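Written below as structure tokens is the structure these notes are about.
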Amino acid sequence: MGELLEIWLKKNHGEPMVALTEAEVRAGEGIKDSAKEPHADRQVTVLSKESWEAATESIGKSVDPGERRANFIVSGVELEETIGKILQIGELKIKVTGETVPCKLMNEVSDGLRDALKPEWRGGVTGSVINDCLVKKGDSVNWM
């Protein structure tokens, strides 16, 4: 079983992510007060701590996972090849809709980071929110 380590909110486009200890998440929308326009297949993003560490280790730098701009940082669960599966964080249910493809901004964070995130879905996954829920750091994470 995994754990929810971090919760990040993008309040405004182009601004740094805001770290939260808990967040209200809404079905069909994502995290409340997020600047993102809800899309059916990309309401939230999830990043594995282990995958992030593998990517940053491969470029020889320690980079804060908040730079990835994912909503949830989790540990103890594998995200690769999980399209269509349901990830449960506490009572929250997220249907994985795809791989989060690393964008060019990752190389602005650190040279080579974009390519380091490409293998094994190291950039995380996108998902659609199935139910309204309050999530908190430390919530359990597992596959349904």
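If you want our numbering, it's the 1-based position in the sequence shown plus 26.
All residues carry an ideal CB built from backbone N, CA and C; glycine is no exception.
Here the structure is a predicted model, which is why all the values come from computation and not from measurement.
Just list the residues that DSSP pairs residue i with in beta bridges.
{"i": "L73", "result": "I99"}
{"i": "C159", "result": "V51"}
{"i": "L105", "result": "Answer is none; L105 lacks a bridge partner."}
{"i": "K121", "result": "I112, S154"}
{"i": "I57", "result": "V51"}
From residue i to residue j, what does the alpha carbon distance come to, in whole angstroms?
{"i": "A45", "j": "K36", "result": "9 Å"}
{"i": "E146", "j": "E55", "result": "27 Å"}
{"i": "V122", "j": "T108", "result": "6 Å"}
{"i": "N97", "j": "I33", "result": "6 Å"}
{"i": "P42", "j": "L31", "result": "18 Å"}
{"i": "D158", "j": "I120", "result": "10 Å"}
{"i": "L118", "j": "I85", "result": "34 Å"}
{"i": "E134", "j": "W169", "result": "33 Å"}
{"i": "P91", "j": "W78", "result": "7 Å"}
{"i": "R68", "j": "A53", "result": "12 Å"}
{"i": "G164", "j": "K130", "result": "31 Å"}
{"i": "H39", "j": "H65", "result": "16 Å"}
Name the two residues that bound the continuous alpha helix (DSSP H) containing residue i.
{"i": "A142", "result": "139-143"}
Spatial neighbours of residue i within its chain, please: CB distance less than 7 Å, with the 5 preceding and 5 following residues excluded, ordered by chain position.
{"i": "S60", "result": "L35, K36"}
{"i": "L143", "result": "A81, P128, M132, G149"}
May I ask which residues mark the beginning and end of the beta strand (DSSP E) holding residue i?
{"i": "N168", "result": "166-169"}
{"i": "A45", "result": "44-46"}
{"i": "E29", "result": "28-35"}
For residue i, I'd like the list of residues in its chain whose CB is within less than 6 Å of its CB, leaving aside the five on either flank, ordered along the chain.
{"i": "A49", "result": "I33, I57, V161"}
{"i": "R94", "result": "L73"}
Stretch-stretch touch, CB-based, cutoff 8 Å, three pairs: the segment 132-139 with the segment 64-75: No: the two stretches stay apart, fewer than three of their Cβ pairs being nearer than 8 Å.
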